[in-house]
Amino acid sequence: MTHLHLTSPQADALRSGTPLLWLNPQYQTPAAAPARPDTAEIYAAEARLVRFAPVLQQLFPELDASNGLIESDLLPTPALHNAINPLGGQTLIKADHALPVAGSIKARGGIHEVLCFAEQLALEAGILNNIHDDYRQLLQPAAIALFNRYEIAVGSTGNLGLSIGIIGAALGFKASVHMSVDAKEWKKTRLRNRGVTVVEHNADYSAAVAAGRAQAAADPFSYFVDDENSPRLFMGYAVAALRLKQQLATQQILVDQQHPLFVYLPAGVGGAPGGITFGLKALFGDSVHCFFAEPVQAPCMLLGMAGSAGNEPVPVYDFGLQIDTDADGLAVGTAAKWVCDAVRDGLSGVFTATDSQLYQQLLQLKQLENLQVEPSAAIGCAGPGMLSSAEGQQYLQAHKLDQHMDQATHLIWTTGGSFVPDSEYKGYISKAIEKSNPKVS
Ligand SMILES: *Cc1c(COP(=O)(O)O)cnc(C)c1O
1387 MTHLHLTSPQ
1397 ADALRSGTPL
1407 LWLNPQYQTP
1417 AAAPARPDTA
1427 EIYAAEARLV
1437 RFAPVLQQLF
1447 PELDASNGLI
1457 ESDLLPTPAL
1467 HNAINPLGGQ
1477 TLIKADHALP
1487 VAGSIKARGG
1497 IHEVLCFAEQ
1507 LALEAGILNN
1517 IHDDYRQLLQ
1527 PAAIALFNRY
1537 EIAVGSTGNL
1547 GLSIGIIGAA
1557 LGFKASVHMS
1567 VDAKEWKKTR
1577 LRNRGVTVVE
1587 HNADYSAAVA
1597 AGRAQAAADP
1607 FSYFVDDENS
1617 PRLFMGYAVA
1627 ALRLKQQLAT
1637 QQILVDQQHP
1647 LFVYLPAGVG
1657 GAPGGITFGL
1667 KALFGDSVHC
1677 FFAEPVQAPC
1687 MLLGMAGSAG
1697 NEPVPVYDFG
1707 LQIDTDADGL
1717 AVGTAAKWVC
1727 DAVRDGLSGV
1737 FTATDSQLYQ
1747 QLLQLKQLEN
1757 LQVEPSAAIG
1767 CAGPGMLSSA
1777 EGQQYLQAHK
1787 LDQHMDQATH
1797 LIWTTGGSFV
1807 PDSEYKGYIS
1817 KAIEKSNPKV
1827 S
């Protein structure tokens, strides 16, 4: 049995589905993370996205304003701050729920990985002579014919499938998305309408990924985007840190030892929040404090991070949990091992929240800031409250942060929602109202 860095009250809270804040005992312990990725790869990913920008701009007119870059706004949210942040300082939202092209944070990693593969194929085939060529040649018939010989496959609860399917099909690839039964019907429909093949699996997320992986491995013209083990996804996500640094500078928000930055990131298998954490730690070091947020029913990254380097992450089933949550994208039973090792000494902690909390926060985001997100994307709102708990205070004192809280910035990373159909969103709102007034029938 793998040893876990968990106290027995923490293990009890996990088993009983009670929200908790777990502080990472291996934080700032470099020996705990022997095989960290190379930070140079973040810049390589950023450069690739710049090379492809003219292509993306032609494929997706909504990218005209940003010259082909896929980026979200950094929003000051003072009303939300007053409602959720007892710690002082200021609270902002990094609005990845509105990322163009894919409507979720998956637009960062998923699109980067497909571009890596397309670039590699085009260079090998001589359609691109080198990386300084005009990439708009990739929109010409020769490139489309090349891409059309290949399938891009992925296993997904929904959002990764949307991202891979949309960019894959746009470039001319055949795209197949393996989905678990719990995937939303509107996401399947949206993909099918774009010519993407949706393969449904009567199993959970990891099983859908495994099935897709096996099918693709048997076909040399199939490329599998492996959410549980993908440096290409990870580095696509990490680019967000470079973009955020620029946005903070533009808004004259300081980040240093006297002006700490706290970031609350929804976590599923770990690639997106892990990549962003890796990027942020590379840029801001000890001045940034990253916390992952997970549903009480699916704390897979908490269990993965509570292990040690090289350990197989412990599945949430071992704690009697069934991944019973409406939080798409976070409904994952086992963390990505590779990601756990990559951020083992960089992540400050993980907190969990109930679905009732998610719905309440979803409603607050709508009422206070007029932002429409999906339930998973609201989970970061619990962060400042968790950090003001006894455990949170312990973290602030241990890192001598308590005297700087008036000058701190708290960043809630909202990760999906802008593609949610209105009827579906209205359902979320009714559920939120129902859950806040349980006696009203
Ligand atoms: C996928 C996803 C996440 C988390 O990303 P992981 O790489 O799976 O950890 C968070 N929020 C939403 C809405 C997602 O779709």
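Here our numbering runs 1386 ahead of the position in the sequence shown, where the first position is 1.
Don't be surprised by glycine CBs; every beta carbon is placed ideally from N, CA and C.
Practice item. Output the boundary residues of the beta strand (DSSP E) element that contains residue 1350. Key: Look at the range of the chain in this structure, 1387 to 1827, and you will see that residue 1350 is not part of it.
Check your understanding: Can you tell me where the alpha helix (DSSP H) with residue 1436 in it begins and where it stops?
Key -> Locating residue 1436 in the sequence shown gives position 50, where the first residue counts as 1. Start and end: 1426 to 1445.
Review point. From residue 1481 to residue 1754, what does the alpha carbon distance come to, in whole angstroms?
Key: The residue you call residue 1481 lines up with position 95 of the sequence shown. The residue you call residue 1754 lines up with position 368 of the sequence shown. Those two C-alpha atoms are separated by around 15 Å.
**Study point:** Reference residue 1675; option with closest CA among 1631, 1653 and 1732
**Key:** The residue you call residue 1675 lines up with position 289 of the sequence shown. Closest by alpha carbon: 1732.
Point to revise | As assigned by DSSP and simplified to three states, the class of residue 1678 | key: Within the sequence shown, numbered from 1, the residue matching residue 1678 stands at position 292. The answer is strand: DSSP assigns residue 1678 an E or B state.
**Study point:** Residue interval of the beta strand (DSSP E) (run including residue 1539)
**Key:** The residue given as residue 1539 occupies position 153 in the sequence shown. Residues 1537 to 1542.
Review point. In the DSSP assignment, what residue or residues form a beta bridge with residue 1648?
Key: One-based indexing of the sequence shown puts residue 1648 at position 262. Partner(s): 1675 and 1796.
Check your understanding: For ligand 1, any of its heavy atoms closer than 7 Å to the Cβ of residue 1615?
Key -> Working through the sequence shown from its first residue, we reach residue 1615 at position 229. No, the beta carbon of residue 1615 sits no closer than 7 Å to any heavy atom of ligand 1.
Review point. Considering only residues of the same chain and omitting the five flanking positions on each side of residue 1679, which have a CB-CB separation below 7 Å?
Key: For this step, residue 1679 is matched to residue 293 along the sequence shown. 1650, 1651, 1652, 1653, 1737, 1739, 1765, 1766, 1768 and 1769, listed in sequence order.
Practice item. Name the two residues that bound the continuous beta strand (DSSP E) containing residue 1586. Key: On the sequence shown, residue 1586 is found 200 positions in, with the first residue counted as 1. Counting along the chain, the beta strand (DSSP E) containing residue 1586 begins and ends at 1583 to 1587.
Point to revise | CA nearest to the CA of residue 1521, picked from 1634, 1438 and 1762 | key: Looking up residue 1521 in the sequence shown gives position 135. It is 1438 whose Cα lies nearest to the Cα of residue 1521.
Exercise for review: Measure the C-alpha to C-alpha separation of residue 1465 and residue 1589 and round it to an integer number of angstroms.
Suggested key: One-based indexing of the sequence shown puts residue 1465 at position 79. One-based indexing of the sequence shown puts residue 1589 at position 203. Approximately 41 Å, taken between the alpha carbons.
Exercise for review: In angstroms with no decimal places, state the Cα-to-Cα distance between residue 1827 and residue 1813.
Suggested key: In the sequence shown, the residue the question calls residue 1827 occupies position 441. In the sequence shown, the residue the question calls residue 1813 occupies position 427. With a pLDDT of 47 at residue 1827, under the threshold of 50, the modelled position of that residue is not reliable, and the figure given next carries that caveat. Whole-angstrom Cα-Cα distance: 15 Å.
Point to revise | Bridge partner(s) assigned by DSSP for residue 1409 | key: For the purposes of this step, residue 1409 is identified with residue 23 of the sequence shown, where counting begins at 1. In the DSSP output, where bridge partners are listed per residue, residue 1409 has 1735.
Check your understanding: So, are the CB atoms of residue 1744 and residue 1721 less than 8 Å apart?
Key -> The count along the sequence shown starts at 1 and reaches residue 1744 at position 358. The count along the sequence shown starts at 1 and reaches residue 1721 at position 335. No, they are not a contact pair.
Review point. According to DSSP, is residue 1481 helix, strand or coil?
Key: Residue 1481 sits at position 95 when you count from the first residue of the sequence shown. Residue 1481 falls in the strand class under three-state DSSP.
Review point. Quick one: is residue 1607 buried, meaning 16 or more other Cβ sit within 10 Å of its Cβ, or exposed?
Key: Counted from its first residue, the sequence shown places residue 1607 at position 221. Residue 1607 comes out exposed.
Check your understanding: Distance, Cα to Cα, residue 1748 vs residue 1407?
Key -> Walking along the sequence shown from the start, residue 1748 turns up at place 362. Walking along the sequence shown from the start, residue 1407 turns up at place 21. If you take the alpha carbons of residue 1748 and residue 1407, they lie about 20 Å apart.
Practice item. Compute the distance between the beta-carbons of residue 1771 and residue 1727, then report whether it is under 8 Å. Key: Working through the sequence shown from its first residue, we reach residue 1771 at position 385. Working through the sequence shown from its first residue, we reach residue 1727 at position 341. Result no, Cβ atoms of residue 1771 and residue 1727 do not sit closer than 8 Å.
Review point. Looking at C-alpha atoms only, which residue of 1523, 1625 and 1763 is the closest neighbour of residue 1557?
Key: Locating residue 1557 in the sequence shown gives position 171, counting from the first residue. Cα-wise, what sits closest to residue 1557 is 1523.
Point to revise | Whole-angstrom distance between residue 1580 and residue 1390, CA atom to CA atom | key: Here the question's residue 1390 lines up with position 4 in the sequence shown. Here the question's residue 1580 lines up with position 194 in the sequence shown. If you take the alpha carbons of residue 1390 and residue 1580, they lie about 44 Å apart.
Check your understanding: For residue 1582 versus residue 1555, is the C-beta spacing smaller than 8 Å?
Key -> Counting from 1 along the sequence shown, the entry for residue 1582 is found at position 196. Counting from 1 along the sequence shown, the entry for residue 1555 is found at position 169. Cβ atoms of residue 1582 and residue 1555: closer than 8 Å.
**Study point:** Extent of the continuous beta strand (DSSP E) run through residue 1524
**Key:** One-based indexing of the sequence shown puts residue 1524 at position 138. Taken as a continuous stretch (DSSP letters only), residue 1524 belongs to no beta strand (DSSP E), as it is neither H nor E.
Review point. Using the C-alpha atoms, what's the distance from residue 1619 back to residue 1669?
Key: Here residue 1669 corresponds to residue number 283 of the sequence shown, with the count starting at 1. Here residue 1619 corresponds to residue number 233 of the sequence shown, with the count starting at 1. In a straight line, the C-alpha of residue 1669 is about 19 Å away from that of residue 1619.
Check your understanding: CA-CA distance, residue 1421 and residue 1815?
Key -> Locating residue 1421 in the sequence shown gives position 35, counting from the first residue. Locating residue 1815 in the sequence shown gives position 429, counting from the first residue. Taking the straight line from one Cα to the other gives about 44 Å.
Exercise for review: List the DSSP bridge partners of residue 1560.
Suggested key: For the purposes of this step, residue 1560 is taken as residue 174 along the sequence shown, with counting starting at 1. BP columns for residue 1560 point to 1537.
Review point. Distance, Cα to Cα, residue 1808 vs residue 1760?
Key: Here residue 1808 corresponds to residue number 422 of the sequence shown, with the count starting at 1. Here residue 1760 corresponds to residue number 374 of the sequence shown, with the count starting at 1. Looking at the two C-alpha atoms, the distance is approximately 11 Å.
Point to revise | CB-CB length for residue 1681 against residue 1741, believed under 8 Å | key: By one-based count along the sequence shown, residue 1681 stands at place 295. By one-based count along the sequence shown, residue 1741 stands at place 355. Right, their Cβ atoms sit about 7 Å apart.
Practice item. May I have the straight-line CA-CA distance separating residue 1394 from residue 1441, to the nearest angstrom? Key: To locate residue 1394, count along the sequence shown from 1; it is residue 8. To locate residue 1441, count along the sequence shown from 1; it is residue 55. Whole-angstrom Cα-Cα distance: 53 Å.
Exercise for review: Leaving out five residues on either side along the sequence, give the residues of the same chain with a beta carbon under 8 Å from the beta carbon of residue 1424.
Suggested key: For the purposes of this step, residue 1424 is identified with residue 38 of the sequence shown, where counting begins at 1. Result list for residue 1424: empty, nothing under 8 Å.
Check your understanding: How many Å lie between residue 1665 and residue 1430 at the Cα?
Key -> Here residue 1665 refers to the residue found at position 279 of the sequence shown. Here residue 1430 refers to the residue found at position 44 of the sequence shown. For residue 1665 and residue 1430, the distance between alpha carbons rounds to 12 Å.
Review point. What do you reckon, are the CB atoms on residue 1683 and residue 1403 nearer than 8 Å?
Key: Counting from one through the sequence shown, the residue named residue 1683 turns up at place 297. Counting from one through the sequence shown, the residue named residue 1403 turns up at place 17. Taking 8 Å as the Cβ cut-off, residue 1683 and residue 1403 qualify as a contacting pair.
Review point. Starting from residue 1608 and walking both ways along the beta strand (DSSP E), at which residues does that stretch end?
Key: Numbered from 1 along the sequence shown, position 222 holds the residue referred to as residue 1608. It spans 1608 to 1611 - the beta strand (DSSP E) in which residue 1608 sits, taken as one unbroken run.
Exercise for review: Would you kindly work out how many angstroms separate the C-alpha atoms of residue 1410 and residue 1693, rounded to a whole number?
Suggested key: Locating residue 1410 in the sequence shown gives position 24, counting from the first residue. Locating residue 1693 in the sequence shown gives position 307, counting from the first residue. Taking the straight line from one Cα to the other gives about 10 Å.
Point to revise | Buried or exposed (CB count within 10 angstroms, at least 16 for buried), residue 1792 | key: Taking the sequence shown and counting its residues from 1, the one referred to as residue 1792 is at position 406. Classification for residue 1792: exposed.
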